[in-house]
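Remarks on the structure that follows.
2 protein chains.
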Amino acid sequence: MSSSDGKTRTPVLIYGQHYIITGTEPSVHVKHVAELVDKKMNEIRSLNPSLDTAKLAVLTAVNALNEKVKMEERIEYLETELSRLKD
Amino acid sequence: MSSSDGKTRTPVLIYGQHYIITGTEPSVHVKHVAELVDKKMNEIRSLNPSLDTAKLAVLTAVNALNEKVKMEERIEYLETELSRLKD
């Protein structure tokens, strides 16, 4: 869904709850990300069945940010390599 | 903290709750990631003051996984560029 300010408003379902995600990304991308969050929450829950939803979501966020930090390091390495080869 | 199985068990505080994060990453890395999650949750809360902790954490996970997906695309592009330049 797209509104007049150029922002998309995408309804998604994550772990049984409805959310409207507002942003500049295309809805198809937002839906894909929402599916990844839902999947990761279910994965973490299967390893820790006693966790409540809030803790489960926090651990999912920890997991996602951990991946993000590692990728930042990988990008930095690749960009250094690229500029070295271009010189 | 490091245990005999080579896994680290790192106590962290995120959004007022204590967690023990178990994994193969060094504790200093886990603590850094936990701080990022705490910071992002507080940022999202300032934009959406009525959200409960579970929804706030879910949106934090959405935000982090969104960044991760974009970084995967960037890594793919950089790796393609690198292999092209090496040929």
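Note that the protein sequences, when read in sequence, are chains A and B.
Counting in the numbering used here, the first sequence runs from 1 upward without gaps.
Counting in the numbering used here, the second sequence runs from 88 upward without gaps.
All residues carry an ideal CB built from backbone N, CA and C; glycine is no exception.
Computed from a prediction, not measured in an experiment: that's the story for all the values here.
Check	Outcome
As assigned by DSSP and simplified to three states, the class of Tyr106 (chain B)	strand
Alpha-carbon spacing of Pro136 (chain B) relative to Thr167 (chain B), whole angstroms	43 Å
Under 7 Å by beta carbon: chain B residues contacting Arg74 (chain A)	Ile162
Chain C within 8 Å of Val149 (chain B), Cβ atoms only	Among the chains of the structure shown, chain C does not appear; the protein chains present are A and B.
Element boundaries [alpha helix (DSSP H), containing Thr140 (chain B)]	Thr140 to Lys173
C-beta atoms of Asn66 (chain A) and Lys40 (chain A) nearer than 8 Å	no
Neighbouring residues, chain B, relative to Leu36 (chain A) (Cβ below 7 Å)	Leu152
Interface partners of Ile52 (chain B) on chain A, CB under 7 Å	Outside the displayed span of chain B (88 to 174) sits residue 52 (chain B), for which this structure offers no information.
C-beta neighbour in chain A for Val33 (chain B), strict 8 Å	The requested residue 33 (chain B) does not occur in the structure, where chain B is confined to residues 88 to 174.
7 Å Cβ cut-off: residues of chain B touching Thr53 (chain A)	Ala141
Listed by chain order, chain A residues near Ile101 (chain B) by CB distance under 7 Å	Val58
Beta-carbon contacts of Lys94 (chain B) that lie in its chain and below 7 Å, excluding the five residues immediately before and after	Thr109, Gly110 and Thr111
Below-8 Å beta-carbon distance, Val28 (chain A) vs any chain B residue	no
Pick from B:Arg161, B:Ser170 and B:Lys142 that is closest to His18 (chain A), judged by C-alpha positions	B:Lys142
Sheet register partners of Ile101 (chain B) (DSSP bridge)	B:Gln104
Residues sharing a beta bridge with Arg9 (chain A), DSSP	A:Thr22
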